[in-house]
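Enquirer: Let me begin by handing over the structure; questions about it come next.
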Amino acid sequence: MAAVNYAKQGSVAVLTVDNPPVNALSQPVRQGLLDGIVDAGKDASVRAIVIACTGRTFIAGADITEFGKPPREPGLHGVLDLMEKSTKPIVAAIHGTAFGGGLEVTLCCHYRVAVGAAQLGLPEVKLGLLPGAGGTQRLPRLVGPEKALDMITTGNPIRAKEALALGLVDEIIDGDLTAGAVKFAEKVLAENRPLRLVRDREEKIAAARGKPEIFDNYRKTLRQRSRGFEAPVANLECVQDAVNLPFEQGLKNERERFMKLMTGAQSKAQRYFFFAEREAAKIPDVPKETTERPIRKAAVIGAGTMGGGIAMNFASAGIPVTVIETAQAALDRGLGICRKNYENTAAKGRLTQAQVEERMGLMTGSLDFGAAADADVIIEAVFEEMPVKKQVFAKLDAVAKPGAILATNTSTLDINEIATATRRPQDVIGLHFFSPANVMRLVEVVRGAKTAKDVIATSMSLSKRIGKVAALVGVCDGFTGNRMLAQRTREASALLLEGASPAQVDKVLYDFGLPMGPFAMGDLAGLDIGWRIRKAKGLKSPVADKLCEAGRFGQKTGAGYYKYEGGSRTPIPDPLVDQLIEEAAAAQQIKRRKIDDEEILARCLYPMVNEGAKILEEGLAIRASDIDVIWVYGYGWPVYRGGPMHWADGIGLKQIRDTMEQFRQSHGEQFKVSALLDKLANEGKTFTGG
Ligand code: NAD
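Structure representation (structure tokens):
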């Protein structure tokens with residue numbers, strides 16, 4: 019089967035792309051389009067050309083497996099050139115998603131028609147790139163620079179109806195698309211419509227030419243919305259060129275910026291991550307064909323911070339969920355917060371009031387565990403205490419129907435021990451959501467020693483169904499994410515005693531691209547939680563303990579590592595804290611010194627990477643890329659750095675190993691290099707194969 023089929027309907031040549039699953043612009047498609055245009059050009063009986071696609075979508079983009087490899091002829095530019103030079107009108111017939119290179123193909127057609135459900139967009143920015151085949155130059159000429167900036171710098175698509183209003187689509191076709199497109203082409207011929215090229219259109223960009231403030235303002239927006247990302251700014255510069263420079267010059271600049279992004283570290287990381295996310299769904303000993311357990315109803319035990327958010331995920335996905343509490347007041351408060359969250363979203367215009375009611379209608383509260391009897395999955399989110407968890411699981415064992423999945427949201431407790439409270443440990447699993455659970459995308463799916471394979475398979479796909487990204491991990495203290503985080507927390511605290519300030523450490527990690535530094539984060543989450551846990555375990559953290567003893571629990575008390583004035587959330591460095599740190603250091607006879615930013619970064623992040631290596635060594639995560647998925651979706655690690663393991667590969671594992679060894683000699687065994695890191699460093703290898 020050819021990748022592009024050529025057929026004739028009267029005087030119209032129909033080129034049909036057939037490259038499942040998404041008609042990506044692979045080499046055979048480019049060749050087929052090129053040949054088709056040439057053939058149609060030569061055939062005197064052909065007067066117009068339609069480009070359409072079989073299957074579920076129009077060309078949905080480039081073939082991303084070709085990225086980073088030597089280019090294969092014909093390049094897209096050559097094909098597009100030929101299309102623009104065609105003396106016979108070309109009509110694109112769009113259904114499904116015309117994305118990226120797919121949309122760029124349509125922009126080199128003379129006309130575009132689409133079905134109502136079609137979507138059009140340039141999502142390249144999501145892979146750290148820009149549309150490199152004229153998209154940044156042509157789209158603004160059709161939709162105007164403001165709309166083009168939105169579409170190109172967010173990568174978000176628009177629907178056919180909006181595209182029609184903007185002038186991106188010429189007609190919406192009801193019924194058979196190809197037939198409609200052929201008819202449209204015949205109309206173009208009959209009416210002798212001109213062969214207008216998008217590249218020659220001036221009206222919308224001319225209006226913006228005298229208004230540089232459009233771009234200045236947008237640049238400011240990007241600085242906030244896409245802090246640290248190179249691609250959105252490069253996209254903006256291209257659109258600015260489209261407005262101000264001759265077309266060919268704009269095209270040349272677009273090409274140069276594209277190559278710079280394509281060969282840069284950020285896009286490499288984002289493309290790596292694209293595959294990492296998909297890979298995380300694959301579990302070697304749980305085949306894709308594993309029969310899953312049907313999930314029609316859910317229950318959540320506990321309507322606190324996590325339980326409410328977890329329940330919202332089910333309601334938002336249309337799955338009825340029963341929330342069970344011990345007291346009516348706690349239940350009312352929990353469900354009240356869920357409603358408030360939905361109403362806030364509605365106030366921003368992202369939900370209708372009817373949708374709020376529909377979702378709340380799917381949530382039922384109860385004080386009786388019996389209400390969980392018909393649930394297919396039950397997620398426990400009660401207090402983090404083993405006896406309480408065991409009691410809850412024993413009760414669930416008594417009421418849950420056979421085959422129900424019994425999940426715990428514990429962050430620190432041993433899931434295997436929790437499972438012993440039931441007579442069905444094979445049905446017990448960890449579903450570790452992150453706070454706020456209705457917002458954060460990550461779920462660590464924690465596999466117990468006895469967890470059944472179909473329970474794992476069902477949990478992975480259920481996570482996806484409720485809009486989450488799941489990574490499978492094994493049981494250990496803190497699982498994967500928090501176990502690595504503990505390394506950073508320890509070092510950040512040690513750095514304070516050695517001479518750094520909370521603001522300096524936070525700034526280094528913020529500038530690295532994390533959403534906030536560890537101390538601002540601690541103040542936000544509340545320092546009392548960790549204090550309570552440390553006291554229970556007989557552990558100490560000199561500075562944090564002193565802050566808590568002084569009643570400084572973070573933002574909620576107006577003071578923690580920072581002070582907060584007048585109810586503001588802006589952290590202000592506090593001389594009292596500096597004094598407290600100096601006293602704590604003196605008490606331990608630590609001579610404080612000036613610490614440079616580079617050391618702060620290495621001290622905070624290298625031990626995390628080392629811990630990640632231990633987790634791999636112990637078989638608790640399947641692959642290094644799963645750890646990266648956990649860090650990007652659970653902790654806001656900047657995706658343009660791929661994740662801690664990909665980032666470490668970029669630095670070089672030998673350097674990380676050697677620096678860790680130096681730290682071990684100067685600071686102690688907490689920096690002991692893991693066997694896996696040592697081995698890979700010696701062999702000149704990487705964690706992620708990049
Ligand atoms: P929380 O204190 O806000 O909520 C716990 C709720 O459970 C309370 O409303 C309480 O009334 C209810 N509860 C207690 N015993 C119960 C019982 N026997 N039956 C029914 N309800 C009961 O706590 P949280 O922060 O939501 O944490 C819940 C779980 O989630 C813990 O295991 C915690 O480790 C874990 N977790 C918390 C976070 C976080 O950031 N808060 C993140 C991930 C996981």
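Position one of the sequence shown corresponds to residue 19 (our numbering), numbered consecutively onward.
Yeah, the Cβ is synthetic: ideal placement off N, Cα and C, and Gly gets one too.
How long is the line joining the alpha carbons of P175 and V161, rounded to whole angstroms?
Expert: For the purposes of this step, residue 175 is taken as residue 157 along the sequence shown, with counting starting at 1. For the purposes of this step, residue 161 is taken as residue 143 along the sequence shown, with counting starting at 1. Those two C-alpha atoms are separated by around 13 Å.
Enquirer: Does the distance from the C-beta atom of S692 to that of N628 stay below 8 Å?
Expert: One-based indexing of the sequence shown puts residue 692 at position 674. One-based indexing of the sequence shown puts residue 628 at position 610. Yes.
Enquirer: Would you call the CB atoms of L125 and V216 closer than 8 Å?
Expert: Walking along the sequence shown from the start, residue 125 turns up at place 107. Walking along the sequence shown from the start, residue 216 turns up at place 198. Yes.
Enquirer: Looking only at its own chain, which residues have a Cβ that is under 8 Å from the Cβ of W649, when we skip the five neighbours before and after it?
Expert: Working through the sequence shown from its first residue, we reach residue 649 at position 631. Answer for W649: G499, M502, W655, G661, P662, listed in chain order.
Enquirer: Hey, could you find the ends of the alpha helix (DSSP H) G256 is sitting in?
Expert: Here residue 256 corresponds to residue number 238 of the sequence shown, with the count starting at 1. Per the sequence shown, residue 256 should be read as Cys rather than Gly. Note, C256: alpha helix (DSSP H), 249-262.
Enquirer: Does the beta-carbon distance from I191 to G185 come in below 8 Å?
Expert: As a position in the sequence shown, residue 191 is number 173, starting the count at 1. As a position in the sequence shown, residue 185 is number 167, starting the count at 1. Result no, Cβ atoms of I191 and G185 do not sit closer than 8 Å.
Enquirer: Would you please state the rounded distance, in angstroms, between the beta carbons of G352 and V341? I believe it to be under 8 Å.
Expert: Translated into positions along the sequence shown, residue 352 becomes position 334. Translated into positions along the sequence shown, residue 341 becomes position 323. That belief holds up - the Cβ atoms of G352 and V341 are roughly 6 Å apart, short of 8 Å.
Enquirer: In the structure shown, what three-state DSSP assignment does F387 receive?
Expert: Stepping through the sequence shown from its first residue, residue 387 is reached at position 369. Here F387 sits in helix by DSSP.
Enquirer: Could you tell me the distance, in whole angstroms, from the CA atom of R368 to the CA atom of L148?
Expert: On the sequence shown, residue 368 is found 350 positions in, with the first residue counted as 1. On the sequence shown, residue 148 is found 130 positions in, with the first residue counted as 1. Approximately 28 Å between the Cα atoms of the pair.
Enquirer: I want to check one thing, is the minimum distance from the CB of F571 to the heavy atoms of ligand 1 below 7 Å?
Expert: Reading the sequence shown from its first residue, position 553 is the one you call residue 571. Incorrect: F571 has no Cβ contact closer than 7 Å to ligand 1.
Enquirer: Whole alpha helix (DSSP H) runs in the segment 39-119 with 4 or more residues, listed along the chain?
Expert: Runs of the alpha helix (DSSP H) inside the segment 39-119: 45-60, 94-103.
Enquirer: Assuming I447 and G421 form a contact by the criterion Cβ under 8 Å, report the distance between their Cβ atoms to the nearest whole angstrom.
Expert: The residue labelled residue 447 in the question sits at position 429 within the sequence shown. The residue labelled residue 421 in the question sits at position 403 within the sequence shown. Actually they do not touch by this definition, with Cβ atoms about 13 Å apart.
Enquirer: Taking the beta strand (DSSP E) that H450 falls in, what are its first and last residues?
Expert: Numbered from 1 along the sequence shown, position 432 holds the residue referred to as residue 450. Element bounds for H450: 446-451.
Enquirer: State buried or exposed for L385, treating a residue as buried only when at least 16 other CB atoms are found within 10 Å of its CB.
Expert: Against the sequence shown, residue 385 aligns to sequence position 367. Burial call: exposed.
Enquirer: Which value, in whole angstroms, describes the spacing of the CA atoms of V123 and L98?
Expert: As a working note, residue 123 is residue 105 in the sequence shown. As a working note, residue 98 is residue 80 in the sequence shown. About 7 Å.
Enquirer: Would DSSP call K201 helix, strand or coil?
Expert: Taking the first residue of the sequence shown as 1, we reach residue 201 at position 183. In the structure shown, K201 sits in a helix (DSSP, three-state: H, G or I).
Enquirer: V457: buried (16+ other C-beta within 10 angstroms of its C-beta) or exposed?
Expert: Taking the first residue of the sequence shown as position 1, residue 457 is located at position 439. Label assigned to V457: exposed.
Enquirer: Restricting to Cα atoms, I'd like to know which of D529, G578, A521, L532 is closest to W549.
Expert: Walking along the sequence shown from the start, residue 549 turns up at place 531. It is G578 whose Cα lies nearest to the Cα of W549.
Enquirer: Check whether the Cβ of A321 lies closer than 7 Å to any heavy atom of ligand 1, and answer yes or no.
Expert: Position 303 of the sequence shown, counted from the start, is the residue given in the question as residue 321. Checking the Cβ of A321 against ligand 1 gives yes.
Enquirer: Check each candidate in L542, L698, A347, L449 and name the one with the smallest Cα separation from S429.
Expert: By one-based count along the sequence shown, residue 429 stands at place 411. Of the candidates L542, L698, A347, L449, the one whose C-alpha sits nearest the C-alpha of S429 is L449.
Enquirer: Thinking G544 and K574 are a contact (beta carbons under 8 Å), I'd like their distance in whole angstroms, please.
Expert: As a working note, residue 544 is residue 526 in the sequence shown. As a working note, residue 574 is residue 556 in the sequence shown. Indeed, because the Cβ distance is near 6 Å, the residues count as touching under 8 Å.
Enquirer: Please state if the CB of Q155 and the CB of F265 are separated by a distance shorter than 8 Å.
Expert: By one-based count along the sequence shown, residue 265 stands at place 247. By one-based count along the sequence shown, residue 155 stands at place 137. Yes. Within cutoff.
Enquirer: With a threshold of 7 Å, establish whether the CB of N359 neighbours any heavy atom of ligand 1.
Expert: Here residue 359 refers to the residue found at position 341 of the sequence shown. Outside the cutoff, so no.
Enquirer: Give the DSSP-derived three-state secondary structure of I640 in the structure shown.
Expert: Indexing the sequence shown from 1 puts residue 640 at position 622. In this structure, I640 counts as coil in the three-state DSSP scheme.
Enquirer: At a threshold of 7 Å, does V410 count as lining ligand 1 (C-beta to nearest heavy atom)?
Expert: For the purposes of this step, residue 410 is taken as the residue at position 392 of the sequence shown. Yes, Cβ of V410 sits closer than 7 Å to a heavy atom of ligand 1.
Enquirer: Just curious, the beta strand (DSSP E) that N23 is in, first and last residue?
Expert: The sequence position of residue 23 within the sequence shown is 5, counting from 1. Its beta strand (DSSP E) spans residues 22-27.
Enquirer: Within the chosen definition, does the segment 31-38 reach the segment 53-60 through at least 3 CB pairs nearer than 8 Å?
Expert: Enough Cβ pairs lie closer than 8 Å, so yes.
Enquirer: According to DSSP, simplified to helix, strand and coil, what is Q607?
Expert: Working through the sequence shown from its first residue, we reach residue 607 at position 589. Coil, per DSSP.
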